[in-house]
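Visitor: Here it is, the structure in full.
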Amino acid sequence: MQAQFNASRGSLPRFRQPSAADLCATMTAITSEETNQSVLDVFNAERELVSLPVLEHGRPIGLINRNIFMSQMSKPFHRELYGKKSCIAFMDKEPLIVEDTLGIESLTFRAVEYGEKALADGFILTRDGQFAGVGHGLQLMRVVADMQAERNRQIMHSIDYASVIQRATLQVSRSVLADTLADASLIWEPRDVVGGDFYHFARFADGWFAAVADCTGHGVPGAFMTLISTSMLSQAIERHNPRDPAAVLAEVSRGIKQMLGQTTERASETGSNDGLDAAFLWFDNATQTLTFAGARTALYVLYPDAPQIEMIDGDRVGVGYLDSATDYVWHNRTMQLPQGTLLFVTTDGLIDQIGGKKSIAFGKRRVRDLLLAHRHERASYITDAILAEFANWQAAETRRDDLTCLCVRIAGTKP
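Set out below in structure tokens:
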């Protein structure tokens, strides 16, 4: 009978890609010349032995499953008939045999291909073709689970760091907004750690520019799109007059289409169809005039003495998508705004959220009602009221999307 082989199991190094060698356990093996009686003696002596490798000149040729073997040998007269015969009679001639240098991921795929027996009986490990030991399916699953947990931890660490970067980038606009407007409030709540919504605010000598946008997706994919979109927006503002929001929208759209290959000429090559919905605003301090251009995003306007809110829809064309024409021209809407006028812009994360007793969307009507109900309050109070109503509406429902809202009262700019 073969002597026991040394094991090489132990704790896995944290930063090294584990291999099959990390699963190699001490295991009794038997040669093909041994009889079934010898196998029976081994199984009786080692009660915890699940399977027994069979070797020929040091190379594995099969694996004997304990349960199958004991079941066969317990049948009437089987010991008398098979006891002195070669142990290969009840041997699995096609066990999973792998080199101990094989990576864990590759080993997992091989084990799945072999099916349940590779996980239940285990698998044979070799070193340069010679028997090295046996690995167990349960241990393999534990190692895979540990690897996945470590990967998830690293991914979450990366996402958390990405969130810090995203928030720091947006904080610049939030600070400029607070330093520029006397009565304004901004909500930015990503559905996940990072989000696909973004905002932008810039102050100029004669006015201010604001943007609220909802990029394709949420979470990490959405966050990538915000990086692309904010970069394109900054370039567009530098190249074009921020006093023409429609032209800025068009420039951002062309930039995204070019970067992602989403032009008509390259439509068959690209695998993406990403873009954004947005509201771009320019306010002129001297004339108290607002110019608005929207891409599938509306602007809510509540004049001081008006009984109802005016909702100004944006163009029904998204920014940067495959079906958005490269030469499309968005439309500017210009309006005179007296002191006290309330402006509100939101992404569809607010409007489309399912909730309430009937599990329906929050909707634009509720937004209008809330703005009317709190029309005389400060912008921060209004956004707090909207968030509170939104939370009550959502209740136990899952958050569907990122949420960004901008509320501004025309009350002059800070010096």
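In my numbering, the protein residues as written are 985 to 1399. Backbone N, C-alpha and C fix where the C-beta goes; we use that ideal spot for every residue, glycine too.
(1) Is there contact here, the segment 1311-1320 with the segment 1361-1379, by at least three beta-carbon pairs under 8 Å?
(2) Alpha carbons only, please: which of A1379, L1103, N1316 is nearest the one belonging to K1342?
(3) Rounded to a whole number of angstroms, what is the C-alpha to C-alpha distance between E1100 and F1107?
(4) Who are V1285's beta bridge partners in DSSP?
(5) Measure the C-alpha to C-alpha separation of L1124 and V1096 and round it to an integer number of angstroms.
(6) What is the rounded straight-line gap between the Cα of R1383 and the Cα of A1207?
(7) So R1300 packs on R1280, CB below 8 Å; how close in whole Å?
(8) Just curious, the alpha helix (DSSP H) that D1368 is in, first and last residue?
(9) Exposed or buried, M985, counting other C-beta atoms within 10 Å across all chains shown (16 or more means buried)?
(10) Mind checking who G1302 pairs with in its DSSP beta bridge?
(11) Just mark M1216 as buried or exposed, buried being the case when its beta carbon has 16 or more other beta carbons within 10 Å.
(12) Let me make sure I understand the geometry here. Which of Q1114, E1018, F1053, E1040 has the alpha-carbon closest to that of V1034?
(13) Confirm, please, whether the CB-CB distance from V1196 to A1282 is below 8 Å.
(14) Taking buried to mean at least 16 other C-beta atoms within 10 Å of its own C-beta, is I1149 buried or exposed?
(15) Looking at the secondary structure, which residues open and close the alpha helix (DSSP H) in which I1212 lies?
(16) Does the beta-carbon of G994 have 16 or more other beta-carbons within 10 angstroms, so that it is buried, or is it exposed?
(17) Between the C-alpha atoms of D1332 and T1210, what's the straight-line distance to the nearest angstrom?
(18) Cα separation between Q988 and A1133?
(19) With H, G and I counted as helix, E and B as strand and the rest as coil, what does DSSP make of A987?
Guide: In terms of the structure at hand:
(1) no
(2) A1379
(3) 11 Å
(4) E1294, L1327
(5) 11 Å
(6) 17 Å
(7) 6 Å
(8) 1363-1378
(9) Low confidence applies here, because M985 scores a pLDDT of 43, under 50, leaving its location unreliable and the question unanswered by this model.
(10) In DSSP, G1302 forms no bridge with anything.
(11) buried
(12) F1053
(13) no
(14) exposed
(15) 1203-1223
(16) Note that G994 scores 41 on pLDDT, short of 50, meaning its location in the model is unreliable and no value can be drawn from it.
(17) 16 Å
(18) Note that Q988 scores a pLDDT of 38, beneath 50, so its modelled location is shaky; the value from the coordinates is reported in the next line. Each residue's alpha carbon lies about 34 Å from the other.
(19) In this prediction, A987 has a pLDDT of 37, which is less than 50 and means its spatial position is unreliable; what the coordinates show is noted afterwards. Reduced to three states, the DSSP call for A987 is coil.
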